[in-house]
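Chains as they are written, first to last, in this note's numbering: chain Z, 18 to 337; chain P, 18 to 337.
Protein chains: 2
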Amino acid sequence: MEHTWRCAITVADLGEFGIIARIVGRLPQSPTVLLGPGDDAAVLAAPGGRVVVTTDLLLEGRHFRRDWSSAYDIGRKAAAQNLADIAAMGASPTALFVGLGLPGDLPVEWLDGLTDGFRDECAPVGASVAGGDISRSEQVVLGVTALGTLDDRPPVTRAGARPGDVVALTGRVGHAAAGLALLQAGLPEAFPELSGAHRRPMPPYARGPEAAALGATAMADVSDGLVQDVGHIASSSGVLVEMDADAFPVPASLAAAGERLGEDPLEWMLTGGDDHALVAAFPSTAVLPSEWLIVGRVVEGEGVQVRGHAGAQGGWDHFR
Amino acid sequence: MEHTWRCAITVADLGEFGIIARIVGRLPQSPTVLLGPGDDAAVLAAPGGRVVVTTDLLLEGRHFRRDWSSAYDIGRKAAAQNLADIAAMGASPTALFVGLGLPGDLPVEWLDGLTDGFRDECAPVGASVAGGDISRSEQVVLGVTALGTLDDRPPVTRAGARPGDVVALTGRVGHAAAGLALLQAGLPEAFPELSGAHRRPMPPYARGPEAAALGATAMADVSDGLVQDVGHIASSSGVLVEMDADAFPVPASLAAAGERLGEDPLEWMLTGGDDHALVAAFPSTAVLPSEWLIVGRVVEGEGVQVRGHAGAQGGWDHFR
């Protein structure tokens, strides 16, 4: 006679509708959600008669690792990278929709952590997870869609930068890249602030609508690397962006991690993605709050130049 | 000296930004799309100040097979199942967002077919693919989000059916299930209409807003199986739905395929998903166009009963 010992309840034990009930039970809904989870589709308020939408696909092993990040941090990060795209339009996030692919043997506790991570990244910005979909999958798959509202503002695209504008940055750059390098080197505990930055970005959400109000002519979130994302602004706007390596003060933690790993911390700052900073062009007359660091200027021409730094031509391409 | 022969251009040859450019170049945008692909997020018009949203995750091997369906049909089906969820709220679809996970060795022609399938399923309903995301993946992964507009109508949820209402169906049921059974039996050519129904559903999109205008009290799309989806209406509304097996005329193709495979065609019609018919409750006074087939009635109680049929308690659970 064989005894089966179960150490943890799995998502397969719950079944599809049990999983949905469990997730929905942990998710408060924001006032924007007129009809939440449980029907064929959700209904959201769209003030001003427009809605901002972005989507990302996150795959286990490629975008996150369960042995490197907790379920809670994976949820926060998946939410953050989509909410940051909304902020980068000058908009305020309102809701997330999450398609979940889950292995049957996934412990329910892991699913709870993921759900709570989504919930807690959404709550401070006034958003909530308003719907989703569940499938069985070999590995964890997250299809995340974020919606947001511009109220009555025009969107800030990548295409409006003009010669004479200044280029300014808000939020961290290089931290997540350094954290990833430390995790890859097996040294996550050496600089917990940096490995933590890889696991859970802290996008400056409120700075997006602030930039719009300050008259930003173009904006992007830094997800592929600063030089590459500024390059998107440059190509969309038909301009050249000149940045100065001297404009970037290297934080002590990045300098120390760079020394430990034999890497150039400025390279992390200029080419590392995943911190989800915001970079924007402003008229030179704009008076920017201290959270915005001026790192360059817009001139006639095309592309991006970084003076005083030999590298920094790279960035992230998912297929290279 | 080694020679490498390449028979087809792959998505890895194009790279991430080449893939995006190729996809976007094949996608016309509908007037609802105020800002389309190419920025951090898209901006859509949301007439009436509300937006309807649904999302699905589709995984190769679980939701589709590349050896059973063409890329074009996979694109159409992935679009259709999301657009049908919008119609089931009484809304009109406006846009799709597609997160794509693609193997590096995928031929570009396959990607083109997929893109064209999405495009062609969207165009007749006035929607377009307004944004997306690309990642490398071991197998094809599709994270699809659909948006729609109610204009000034209230949404038709699953929760409003009342005793005395009639229950009516529009669109095909059982065809996709029969087609899947034929594919699994290695007989796709025996009934091409049915294997075709599995590959490409034909949801009756326009019937969704029509049902809302006719005063539908509750509605759902049939994706898990008619009995199960009517069960969602019953439980959300707190009522019992009685259906009659006699109400369902069995099409000749289903009868013939059932005989060939030794299956009960009525079982396919009552429990098979993936045709994306619409089922709705209406006041008994509603005058329904001939496309709506009355299949049951709403009474006090709970659950679903099918008179004259012994089976039909099943349906689809992604984790069973």
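Positions of the beta carbon are idealized from the N, C-alpha and C atoms, including for glycine.
Taken through DSSP and simplified to helix, strand or coil, T288(P) comes out as helix. Residue environment: R324(P) is assigned as exposed (fewer than 16 neighbouring CB atoms within 10 Å of its CB, all protein chains considered). The beta-bridge partner set that DSSP reports for R314(P) consists of V183(P), E259(P). Of the other Cβ atoms in all chains shown, 16 or more fall within 10 Å of the Cβ of Q98(Z); this residue is therefore buried. The C-alpha of E33(Z) lies about 20 Å from the C-alpha of T162(P). With respect to G196(P), I103(P) sits apart: the two C-beta atoms are not nearer than 9 Å. Judged by DSSP in its simplified three-state form, I26(P) adopts coil rather than helix or strand. Residues of the region 114-148 of chain P with a C-beta atom less than 9 Å from some C-beta of chain Z are F114, V115, G116, L117, G118, L119, G121, A147, G148, listed in chain order. Apart from the 5 residues on each side of it in sequence, G188(P) sits with its Cβ closer than 8 Å to the Cβ of M219, P220, P221, R224, V239, D292, H293, A294, L295 in its chain, given in chain order.
Interface with chain P (9 Å Cβ-Cβ cutoff): A25(Z) is excluded.
Taking all protein chains shown into account, S47(Z) has 16 or more neighbouring C-beta atoms within 10 Å of its C-beta and is therefore buried.
S152(Z) has a beta carbon lying within less than 9 Å of a beta carbon in chain P. By the neighbour-count definition (other C-beta atoms within 10 Å, threshold 16), T132(P) is a buried residue. Residue pairing of E77(P) in beta bridges, as defined by DSSP: F81(P).
S109(Z) is bridged by DSSP to T166(Z). From the beta-carbon of D281(P), no residue of chain Z is found nearer than 8 Å; the closest lies around 25 Å away. Neighbours of D238(Z) across chain P, judged by C-beta separation under 8 Å: D57.
The Cβ of A298(Z) sits no closer than 9 Å to any Cβ of chain P. Minimum Cα-Cα distance from A298(Z) among the listed residues G290(Z), T288(Z), P209(Z), L310(Z) corresponds to L310(Z).
Beta-bridge partners of R67(Z) (DSSP): A62(P).
Chain-order list of chain Z residues neighbouring V315(P): empty, with the shortest C-beta distance near 18 Å, by a criterion of under 7 Å. Residues of chain Z with a Cβ closer than 7 Å to the Cβ of T72(P) are, in chain order, F114, G116, G148, G149, D150, G160, T162. Taking a 10 Å sphere around the C-beta of Q245(Z), we find 16 or more other C-beta atoms and assign the residue as buried. Put simply, the CB of M106(P) is near chain Z, with a gap under 9 Å to one of its CB atoms. Taking 9 Å as the cut-off, the beta carbon of G165(P) is found closer than this to the beta carbon of V68(P). For A147(P), the enclosing beta strand (DSSP E) has its first and last residue at 145-153.
Proximity of chain Z to R175(P) at the Cβ level (cut-off 9 Å) is accounted for by G55, D56, D57, in chain order. Between R153(Z) and R79(P), the gap from beta carbon to beta carbon is short of 9 Å. Contact annotation, F265(P) with V312(P): C-beta distance approximately 7 Å; criterion of less than 8 Å satisfied. Taking 8 Å as the upper bound for CB-CB distance, A237(Z) and A105(Z) are in contact here, some 6 Å apart. Residue contact with chain P for A251(Z): absent (no Cβ-Cβ distance below 9 Å to any residue of chain P). Within chain Z, the C-beta atoms nearer than 8 Å to that of L76(P) come from G118, S152, S154, V158, in chain order.
At least one CB of chain P lies nearer than 9 Å to the CB of V60(Z). Within 8 Å of the CB of D102(Z), the CB atoms of chain P belong to D57, A58, in sequence order along the chain.
At a beta-carbon threshold of 9 Å, the residues of chain P lying near L51(Z) are R67, P172, ordered along the chain.
In terms of beta-carbon proximity, G320(Z) stays away from the interface with chain P, with every pair separated by 9 Å or more.
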